[in-house]
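Working notes, beginning with the structure itself.
In this note's numbering, the protein residues as written are 3 to 803.
Pasting the structure below:
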């Protein structure tokens, strides 16, 4: 049906009539979207079935990627691109008087993730399919995502993210493969054939119903699966009210990251995590047993990956199934479990490493807690052999201690591989944060620097740049992104630079129109588009960016002769609903924007834009338009970052600290093609260890700092003087935990260098093209190939290009 334009048009009209009961004239845009989506899903259904049959027949090892988030982005355009049918569809729809771009706008972003963790998972499953690797994603089918962000008087307001209100054309419900998951109750222990047996009785039963979505590889016939679990009522227990039981069960998959400031929310998060793990592992085992009977050989056919600590209960859950259901001994089950599971750590911040109170964990998951206790006892005994008498060390490393279950420790002990996501991150894990574990398990630790899929972030998001690159170096780079390096031979050609400049300008015009439509602000296309878009968190230092803009405002107002390259500062970020500080920073950005954008003189030189409800589809418009990429986290705090790679791939130059993958970007492009500033990771560590940092000294000794910090509370903004007092306190009273004032002067200096560099247009274009040419290294294809070769030990199945 997609072989040529005429066949497509005929098939489309027929499908529209049968699906919607309407002709083309009466159809809505949503009718047209659902028609096309159903056609594409039907078109790939044979490939999807064949892929699964191939995996069964060849019986090769498969990987299952467990993640609490999958931030997919809109799928229609990406699927058309990967199937190489976009041109036929676009031309056919045009003949029918339908705009493909309008249809794409009709699609909701799947609300299955929040930030980098979920977007990385989406890139990874894309790469698995494209590389013909047998790998599937397992996640949760949230009815609502984090939230839809609305800005009211500068404040973030959270509304339900109702992405499923019109259904999801890509999913296939499979109730026949539903799994039962058990909560609460108690464990009865008995002896059976001289062995202990355990029975979970009086439990609350939850039905996990799978919804499968196809993951379509690029230019290949492989279609892998993303399986999302939906929580549904199973059967009523004694004295349970039907309606309240139904609500309690459905709450498990209602919202991504429920508020956990109270015990009720903590229990719901724990339920989500175990629900994901139990349903997924039961499903994996059932699939394995269709072709194999010897579960002692599971690890030869199956790899299960724990994406951050949220699915860490995979360790005790796999042990439970192998022992309680399949009859393996503890030692047999432990050997299989540790050889099957691998774990990626995504954070350096100790507060982000999950720890659950025993008083909540044990009643909710009684058998799982028993198994974790046993794992902990055996691990501590092992530690005693290593470190006899060193109680403090053993207590520090224990999985259960001080009334808490430590999920990162559980994942490390129960896995065969622990990897960080950038070289510096992995080094910090080995040498500092997890050094005690590295000392006894050095062979487990490794690095896998993150990557992004260039198919979405370049081919789809920036078709103009894609066409230009292909014209210059051919199209092999689309399948082998490392071949983008071939572009480097051409970057000094005046024609290429001019054509790239035209592409960048067009993308800036597209974004400027969106800003005008949504924010009501006209921005200067010729200004530097300086962009910081990411989750709002203190360590990511959006506040440092804000303080610099306040400094610029003061300079422009005070010095009539002060001249800078015009700049448009663009922000996009969601703050967690309970994260008071982050929400205050969003308000501060809006208050500053009002001040700057309404000043007749200042607004001629700088503008401040906050783009609300930041998400994948909005990011696809932002990255291609950016000139400057703000990657300014406190050194040693950002594990990797992937936005830095997306900006780089689209020809933006990085302003960044020597943190996360910024360091590897610098190594790729050269120091002269990136703007670095600020403390190093080692310097930050020394400050933290010796306690000698005094933010008040910088406040008193730098008039620029004193002025902008005072303006937070002295009536400079129109709000009540106490509005931003908590932000000022974080810098002075709380001693500036993330060293903004220490890096302030260095940040101002580097921003002046950026402005000066931009004025040398020819040189700037060369630097941008150098960044693009080196961006192929940061493809998720490279990352996934490393995971496949070095951790999962899987290879391509049935290459059918």
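We put the CB at the ideal spot given by N, CA and C, even for glycine.
Secondary structure of residue 553, DSSP reduced to three states:
On the chain shown, residue 553 is found 551 positions in, with the first residue counted as 1. Reduced to three states, the DSSP call for residue 553 is helix.
The beta strand (DSSP E) enclosing residue 144, as first and last residue numbers:
Your numbering for residue 144 matches position 142 in the chain shown. Looking at the DSSP string, residue 144 is not in any beta strand (DSSP E), and its letter there is neither H nor E.
If you scan the segment 486-560 from start to end, which runs of the alpha helix (DSSP H) of 4 or more residues do you find wholly inside it?
Runs of the alpha helix (DSSP H) lying entirely within the segment 486-560, each at least 4 residues long, are 496-521 and 544-560 in chain order.
Got a sec? Which residues, its chain only, sit under 6 Å from residue 183 by beta carbon, not counting five neighbours each side?
Position 181 of the chain shown, counting from 1, holds the residue named residue 183. Setting aside the 5 residues that flank it on each side, residue 183 is surrounded in the same chain by 208, 210, 277, 280 and 281, each with a C-beta closer than 6 Å to its C-beta; the list follows chain order.
Short check: CB of residue 440 to CB of residue 432, under 7 Å?
Locating residue 440 in the chain shown gives position 438, counting from the first residue. Locating residue 432 in the chain shown gives position 430, counting from the first residue. Contact annotation: residue 440 and residue 432 have beta-carbon atoms nearer than 7 Å.
CA-CA distance, residue 307 and residue 535?
Indexing the chain shown from 1 puts residue 307 at position 305. Indexing the chain shown from 1 puts residue 535 at position 533. If you draw a straight line from the Cα of residue 307 to the Cα of residue 535, it comes to about 28 Å.
Among 632, 655, 520 and 670, which residue has its Cα nearest to the Cα of residue 615?
Residue 615 sits at position 613 when you count from the first residue of the chain shown. Distances from the alpha-carbon of residue 615 to those of 632, 655, 520 and 670 put 520 closest.
What are the uninterrupted segments assigned as alpha helix (DSSP H) that are 4 or more residues long and contained completely in the segment 49-111, given in chain order?
List check, alpha helix (DSSP H) in window: 78-84, 88-97 and 102-108.
To the nearest whole angstrom, what separates the beta carbons of residue 695 and residue 625, a pair I think is in contact under 8 Å?
Position 693 of the chain shown, counting from 1, holds the residue named residue 695. Position 623 of the chain shown, counting from 1, holds the residue named residue 625. About 35 Å; that fails the 8 Å criterion.
To the nearest angstrom, report how far apart residue 802 and residue 223 are at their CA atoms.
In the chain shown, residue 802 corresponds to position 800, counting from 1. In the chain shown, residue 223 corresponds to position 221, counting from 1. For residue 802, the predicted model reports a pLDDT of 49, less than 50, meaning its position is unreliable and no value from the coordinates is stated.
Checking contacts by CB at 7 Å: is residue 359 closer than that to chain D?
Within the model displayed, chain D is absent; a lone protein chain is all it includes.
Using DSSP with H/G/I as helix, E/B as strand and the rest coil, what is residue 802?
Position 800 of the chain shown, counted from the start, is the residue given in the question as residue 802. Note on residue 802: pLDDT 49, under 50, position unreliable in the model; the coordinate value appears next. Coil.
Give me the Cβ distance between residue 79 and residue 462, rounded to the nearest whole Å; I'm assuming they're in contact under 8 Å.
Taking the first residue of the chain shown as 1, we reach residue 79 at position 77. Taking the first residue of the chain shown as 1, we reach residue 462 at position 460. Contact holds; Cβ gap of about 6 Å.
In the DSSP assignment, find the unbroken beta strand (DSSP E) run with residue 214 in it and report its ends.
Position 212 of the chain shown holds residue 214. Run containing residue 214: 206-218, per the beta strand (DSSP E) assignment.
Own chain, CB closer than 6 Å to residue 808, minus 5 neighbours either side, in chain order
Because the chain here runs from 3 to 803, residue 808 falls outside it and cannot be looked at.
Quick one, which of 230, 271 and 263 has its alpha-carbon nearest residue 250's?
Counting from one through the chain shown, the residue named residue 250 turns up at place 248. For residue 250, the nearest C-alpha among the options comes from 271.
Enumerate, from N- to C-terminal direction, the unbroken alpha helix (DSSP H) stretches of 4 or more residues contained entirely within the segment 348-416.
Runs found: 360-366, 368-388, 393-399 and 409-415.
Is residue 329 helix, strand or coil when you go by DSSP?
For the purposes of this step, residue 329 is taken as residue 327 along the chain shown, with counting starting at 1. Here DSSP, grouped into helix, strand and coil, assigns residue 329 to coil.
Let me know the secondary structure DSSP gives residue 445 once reduced to three states.
What you label residue 445 is simply residue 443 of the chain shown in a count that begins at 1. If DSSP states are grouped into helix, strand and coil, residue 445 belongs with the helices.
Select from 642, 31, 86 and 114 the residue whose C-alpha is nearest the C-alpha of residue 71.
Residue 71 sits at position 69 when you count from the first residue of the chain shown. Each of 642, 31, 86 and 114 was checked against the Cα of residue 71, and the nearest Cα belongs to 114.
Going by CA-CA distance only, name the one from 411, 225, 246 and 8 that's closest to residue 235.
Within the chain shown, numbered from 1, the residue matching residue 235 stands at position 233. Ranked by how close their Cα comes to the Cα of residue 235, the residues 411, 225, 246 and 8 have 246 in first place.
Based on the DSSP output, what are the partners of residue 175 in its beta bridges?
Locating residue 175 in the chain shown gives position 173, where the first residue counts as 1. Looking at the DSSP assignment, residue 175 forms a beta bridge with 213.
Suppose contacts are defined by Cβ-Cβ distances below 7 Å. Is residue 654 in contact with residue 631 by that definition?
Numbered from its first residue, the chain shown carries residue 654 at position 652. Numbered from its first residue, the chain shown carries residue 631 at position 629. Remark: C-beta atoms of residue 654 and residue 631 approach each other more closely than 7 Å.
At the level of alpha carbons, what is the spacing between residue 547 and residue 767?
For the purposes of this step, residue 547 is taken as the residue at position 545 of the chain shown. For the purposes of this step, residue 767 is taken as the residue at position 765 of the chain shown. Distance between the alpha carbons of residue 547 and residue 767 is about 24 Å.
Can the beta-carbon of residue 61 be found closer than 7 Å to that of residue 328?
Your numbering for residue 61 matches position 59 in the chain shown. Your numbering for residue 328 matches position 326 in the chain shown. Taking C-beta atoms as the reference points, residue 61 and residue 328 fail to come closer than 7 Å.
If you count every other CB in all the chains shown that lies within 10 Å of the CB of residue 794, and 16 or more means buried, which is it?
Within the chain shown, numbered from 1, the residue matching residue 794 stands at position 792. Here residue 794 is buried. Its C-beta has 16 or more other C-beta atoms within 10 Å.
So, is residue 483 buried or exposed, given that buried needs 16 or more other C-beta atoms within 10 angstroms?
Here residue 483 refers to the residue found at position 481 when the chain shown is read from its first residue. A residue is called buried when at least 16 other Cβ atoms come within 10 angstroms of its Cβ; residue 483 meets this threshold and is buried.
Reducing DSSP to helix, strand and coil, say where residue 137 ends up.
Your numbering for residue 137 matches position 135 in the chain shown. Assignment of residue 137 by DSSP, reduced to helix, strand and coil, places it in the strand class.
Which ranges does the alpha helix (DSSP H) cover as unbroken runs of at least 4 residues, wholly within the segment 288-341, from first to last along the chain?
Counting only runs of 4 or more, we get 300-303 and 316-322.
Residue range of the unbroken beta strand (DSSP E) whose run includes residue 570:
The count along the chain shown starts at 1 and reaches residue 570 at position 568. Per DSSP, residue 570 belongs to the beta strand (DSSP E) from 569-574.
Need the endpoints of the beta strand (DSSP E) that residue 235 sits in, please.
Position 233 of the chain shown, counted from the first residue, corresponds to residue 235. Segment 225-235, the beta strand (DSSP E) holding residue 235.
Where does the unbroken alpha helix (DSSP H) through residue 637 begin, and where does it stop?
By one-based count along the chain shown, residue 637 stands at place 635. First-last for residue 637: undefined, no H or E at that position.
Leaving aside the five residues before and after residue 541 along the sequence, list all residues of the same chain whose C-beta is less than 6 Å from its C-beta, in chain order.
In the chain shown, the residue the question calls residue 541 occupies position 539. Answer for residue 541: 635, 636, 639 and 740, listed in chain order.
Reduced DSSP secondary structure (H/G/I, E/B, other) of residue 258:
Numbered from 1 along the chain shown, position 256 holds the residue referred to as residue 258. Coil, per DSSP.
With three or more C-beta pairs closer than 8 Å as the rule, is the segment 672-679 touching the segment 754-774?
Three or more Cβ pairs closer than 8 Å define a contact, and the segment 754-774 meets that threshold against the segment 672-679.
Out of 474, 538, 611 and 598, point me to the one whose CA is closest to residue 513's CA.
Working through the chain shown from its first residue, we reach residue 513 at position 511. The residue with the shortest Cα to Cα distance from residue 513 is 611.
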